[in-house]
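Written below as structure tokens is the structure these notes are about.
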Ligand SMILES: CC(C)(COP(=O)(O)OP(=O)(O)OC[C@H]1O[C@@H](n2cnc3c(N)ncnc32)[C@H](O)[C@@H]1OP(=O)(O)O)[C@@H](O)C(=O)NCCC(=O)NCCS
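Residue numbers (the numbering used here): 596 to 890.
Here it is as structure tokens:
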């Protein structure tokens with residue numbers, strides 16, 4: 596597959612449209628792949644854009660060899676950019692939704708710097724959804740075109756909705772660094788979702804949205820005030836009981852960016868930071884919980 600990258604002079608403008616942090620721009624221009632890396636760039640870009648627009652996506656490209664460097668995933672996404680922009684245009688996606696969605700690249704590069712202290716991107720498989728036309732940010736929330744799994748599908752069917760396992764559903768994700776999770780902003784996003792997907796993906800019918808997150812762990816109610824945004828968000832969902840292992844690392848990564856060697860190393864600035872640590876200290880664990888809501 597033939598790929599193109601923005602010319603060095605054009606690259607900074609494109610990177611800023613994708614919210615790439617300013618401190619990464621010069622290095623990305625300086626390290627723009629030369630001819631020797633072009634065959635690999637073509638190969639990975641082809642793997643990334645395959646299945647563009649499908650709801651049942653092929654697996655993401657295999658992990659990249661370390662020697663390609665911390666920035667190589669960014670060049671793959673840049674090479675995929677004309678493909679996903681073309682796909683968005685073919686679906687009539689408004690440009691502001693397209694750019695807000697793809698700007699998650701910059702958010703994840705900023706996260707890489709917080710986590711590792713260097714520029715780069717270590718979450719290519721996550722951004723594959725955005726760059727294959729499967730995920731859209733509508734205001735505060737991101738919505739991923741997906742299918743109901745067995746457990747959620749059965750719960751939704753039992754509640755009397757006209758769908759079950761395998762049927763389309765919108766999987767909600769909550770971007771960080773986008774201000775508080777205010778109920779008003781969530782209302783606006785949820786109100787926008789059904790008409791957006793009906794207009795741009797009329798072949799798929801979305802009656803429910805799902806979410807799987809540490810944010811839905813009911814134990815948080817023992818620590819956060821009832822009016823907190825996280826608890827207000829929880830109350831929107833009907834959760835499903837699934838026997839599962841605890842997942843402390845997920846909440847630690849989202850609240851503190853990293854999993855520490857010692858709990859004593861963690862800051863205790865906010866109610867949530869104190870809650871996460873105190874709960875673990877007393878032998879408790881945190882869980883990723885699945886829930887759904889009718890759209
Ligand atoms: C989702 C999110 C925006 C909610 O933040 P919020 O709107 O401030 O939430 P609340 O109103 O419920 O906050 C209650 C308390 O927890 C704190 N808090 C909330 N999220 C926090 C976070 N990620 N890190 C540290 N403290 C946090 C708040 O500051 C507040 O404490 P305070 O009263 O002492 O200041 C925030 O947690 C976030 O950005 N998370 C990262 C993204 C994420 O985890 N997505 C889900 C992936 S599965």
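For every residue, glycine included, the Cβ atom is placed at its ideal position computed from N, Cα and C.
Of the choices the options, whose alpha-carbon is the least far from that of residue i?
i	options	result
residue 906	856, 634, 881	Shown here, the chain extends from 596 to 890; a query on residue 906 therefore has no answer.
residue 772	714, 639, 700	700
residue 741	806, 624, 872, 695	806
residue 864	856, 614, 851	851
residue 820	739, 867, 668, 621	867
residue 730	824, 788, 607	788
residue 714	723, 703, 679, 722	703
residue 761	744, 675, 650	744
residue 659	846, 652, 670, 653	670
residue 709	845, 853, 797, 686	853
residue 747	689, 612, 759, 823	759
residue 601	756, 794, 757, 674	674
residue 688	608, 791, 769, 749	791
residue 685	856, 874, 634, 794	794
residue 739	801, 635, 837	801
residue 607	596, 627, 598	627
residue 827	780, 625, 872	780
residue 610	634, 598, 650, 666	666
residue 798	721, 786, 637, 649	649
residue 796	825, 597, 763, 621	763
residue 632	663, 612, 618, 620	663
residue 770	706, 874, 817	706
residue 613	692, 682, 698	698
residue 721	842, 654, 818, 634	654
residue 847	830, 681, 752, 869	869
residue 816	752, 874, 842	874
residue 734	842, 782, 822	782
residue 830	690, 778, 693	778
residue 832	751, 634, 839	751
residue 857	841, 839, 754, 876	876
Who does residue i pair with in a DSSP beta bridge?
i	result
residue 865	BP columns for residue 865 are empty, so no partner.
residue 885	807, 835
residue 738	731, 767
Looking only at its chain, what residues have a beta carbon closer than 8 Å to the beta carbon of residue i, apart from the 5 residues adjacent to it on each side?
i	result
residue 879	814
residue 834	811, 813, 884, 885, 886
residue 615	623, 669, 700, 701, 704
residue 652	646, 723, 724, 727, 729
Does any CB atom of chain B fall closer than 7 Å to the CB of residue i?
i	result
residue 883	No chain B is part of this structure, which consists of one protein chain only.
Which same chain residues, not among the five before or five after residue i, have their C-beta less than 6 Å away from its C-beta?
i	result
residue 736	767, 784
residue 696	725, 731, 732
residue 804	765, 767, 888, 890
residue 639	656, 671
residue 894	Look at the range of the chain in this structure, 596 to 890, and you will see that residue 894 is not part of it.
residue 642	656
residue 637	596, 598
residue 861	851, 855, 872
residue 776	824, 828
For residue i, which residues from the same chain have a beta carbon less than 7 Å from its beta carbon, with the 5 sequence-adjacent residues on both sides left out?
i	result
residue 678	644, 647
residue 844	854
residue 620	607, 610
Problem set entry | Completely contained beta strand (DSSP E) runs for the region 750-809, where each covers 3 or more residues | 763-768, 803-808
Problem set entry | Contained alpha helix (DSSP H) runs [length at least 4] in the region 638-692, N- to C-terminal order | 667-685, all fully within the region 638-692.
Problem set entry | Minimum length 4: unbroken alpha helix (DSSP H) runs contained in the region 612-636 | With a minimum length of 4 residues, the continuous alpha helix (DSSP H) runs that stay inside the region 612-636 are 617-625.
Exercise. Could you give the uninterrupted runs of the alpha helix (DSSP H) lying entirely in the region 698-724, keeping only those of 4 residues or more?
Worked result: 699-711
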